[in-house]
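Engineer: The structure follows.
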Amino acid sequence: MNQDPISQSRNEVHGKGGWCILWPRKKNSKQSADAFREKLGAFRKLTKSKAELTFVNAPFRVADENDATQSPSPGARGWWFSRENDSFDALESSDVCKGYKQSLDFVCRFVDETGFKFDGLLGFSQGAAFVALLCVLAQRKELPFDFKFAIIIAGFKSRCSSHANMYGDTNVTIPTLHVFGENDKVIPKELSQDLARSFEKPTLLVHVGGHFLPVTGQQKSVYLTFLSNIKE
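Shown next as structure tokens:
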């Protein structure tokens, strides 16, 4: 029997506060909480004096993108689907938004049941799109918890029709750092730029690479400056 997603994520918590890390299943890569944690090794080391990081598993298992008929892989996770066959395409407009409400309820229950107070959220790719939606809901006072900032890596606006009203004329005032690559072939930089325009005074970190979180000398100073400017 599959473990309850809340219990599974709770078992993978590292620390008791700080940031909640939200991530998706990256295209062409099956990622579990532990796999993504390892990929953030340099970033975790950089920020260890500033925060404890809590990793939260996305609730839905995802089948191989090249064969949607096969059983979901234990390591492949997603926050919602844009197709009825339980697949997702960030570039495709869709009336399907399967699983989004369950994911929202899942995160709210996770925060409530763990009792943690999170300062910020970090999301990557679809997880970044999900974090952006959480920022909008927080701005509207429609979440049962709050947070001070968000780091959005390779983010984009959801193209699900039910999310169209989430990107209105009122910019989100929550401080955000948007990180994206000039040569990202999964989420084109134009999508990340468009998302950033939904936020008031967003901080942008544009790197020359692709679909990943860079942590070189130049980027390190951007991360640390952004975090230092967050009000206590």
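For the sequence shown, the UniProt record's numbering gives the first residue as 1, with consecutive numbering after it.
Even for Gly, the Cβ is constructed at its ideal location relative to N, Cα and C.
1. For TRP79 versus CYS97, is the C-beta distance shorter than 7 Å?
2. What is the DSSP secondary structure of ARG61, reduced to helix, strand or coil?
3. Considering only their Cβ atoms, is the gap separating LEU205 from VAL222 smaller than 7 Å?
4. Rounded to whole angstroms, how far is the Cβ of THR173 from the Cβ of GLU200, which I believe are closer than 8 Å?
5. Would you call the CB atoms of GLY127 and LYS148 closer than 7 Å?
6. Would the beta-carbon of ILE152 fall within 7 Å of that of LEU213?
7. Please report how far the alpha carbon of PHE43 lies from the alpha carbon of THR203, in whole angstroms.
8. If ARG159 sits next to SER93, beta carbons under 8 Å apart, how far is it from one beta carbon to the other, in whole angstroms?
9. Tell me, please, whether the CB atom of VAL172 is closer than 7 Å to any CB atom in chain B?
10. Buried or exposed: which applies to SER82, given that a residue is buried once 16 or more other Cβ atoms fall within 10 Å of its Cβ?
11. By DSSP, does SER213 sit in helix, in strand, or in coil?
12. Once the 5 residues before and after GLY209 are set aside, which same chain residues still bring their CB inside 7 Å of it?
13. Going straight from the alpha carbon of GLU84 to that of GLY99, what length do you get?
14. Under the DSSP definition of a beta bridge, which residues are partnered with CYS97?
15. To which residues does DSSP link GLY78 through a beta bridge?
16. For LEU40, which residues in the same chain have their Cβ closer than 8 Å to its Cβ, ignoring the five residues on either side in sequence?
17. Note down the Cα distance separating GLY217 from PHE156, rounded to an integer number of angstroms.
18. Helix, strand or coil for VAL206, going by three-state DSSP, please let me know.
Structural biologist: Let's see:
1. Indexing the sequence shown from 1 puts residue 79 at position 79. Indexing the sequence shown from 1 puts residue 97 at position 97. Cβ distance not < 7 Å, so TRP79 and CYS97 don't count as in contact.
2. Counting from 1 along the sequence shown, the entry for residue 61 is found at position 61. Three-state DSSP puts ARG61 in a strand.
3. For the purposes of this step, residue 222 is identified with residue 222 of the sequence shown, where counting begins at 1. For the purposes of this step, residue 205 is identified with residue 205 of the sequence shown, where counting begins at 1. Contact flag set, yes.
4. Translated into positions along the sequence shown, residue 173 becomes position 173. Translated into positions along the sequence shown, residue 200 becomes position 200. Going by Cβ atoms, the distance from THR173 to GLU200 rounds to 5 Å, so yes, they are a contact pair.
5. Locating residue 127 in the sequence shown gives position 127, counting from the first residue. Locating residue 148 in the sequence shown gives position 148, counting from the first residue. Their beta carbons are not under 7 Å apart, which means GLY127 does not touch LYS148 by this criterion.
6. As a first step, residue 152 is located in the sequence shown; it is residue number 152 there, counting from the start. As a first step, residue 213 is located in the sequence shown; it is residue number 213 there, counting from the start. No, the Cβ-Cβ distance between ILE152 and LEU213 is not below 7 Å.
7. Reading the sequence shown from its first residue, position 43 is the one you call residue 43. Reading the sequence shown from its first residue, position 203 is the one you call residue 203. Using only the alpha carbons, I get a separation of about 18 Å.
8. One-based indexing of the sequence shown puts residue 159 at position 159. One-based indexing of the sequence shown puts residue 93 at position 93. Confirmed, about 4 Å.
9. Absent from the structure: chain B. Only one protein chain is present.
10. As a first step, residue 82 is located in the sequence shown; it is residue number 82 there, counting from the start. With 16 or more other Cβ atoms within 10 Å, it is buried.
11. Taking the first residue of the sequence shown as 1, we reach residue 213 at position 213. Note on residue identity: the sequence assigns Leu, not Ser, to residue 213. It is coil, neither helix nor strand.
12. Locating residue 209 in the sequence shown gives position 209, counting from the first residue. Closer than 7 Å at Cβ, skipping near neighbours: GLY181 and ASN183.
13. Locating residue 84 in the sequence shown gives position 84, counting from the first residue. Locating residue 99 in the sequence shown gives position 99, counting from the first residue. Roughly 10 Å separates the two Cα atoms.
14. Residue numbering aside, residue 97 sits at position 97 when the sequence shown is read from its first letter. Partner(s): none; CYS97 has no beta bridge.
15. Mapped onto the sequence shown, residue 78 falls at position 78. For GLY78, which the question treats as bridged, DSSP gives the partners PHE60.
16. Stepping through the sequence shown from its first residue, residue 40 is reached at position 40. Correct list, in chain order: ILE21, LEU53 and LEU213.
17. In the sequence shown, the residue the question calls residue 217 occupies position 217. In the sequence shown, the residue the question calls residue 156 occupies position 156. In a straight line, the C-alpha of GLY217 is about 26 Å away from that of PHE156.
18. The sequence position of residue 206 within the sequence shown is 206, counting from 1. VAL206 falls in the strand class under three-state DSSP.
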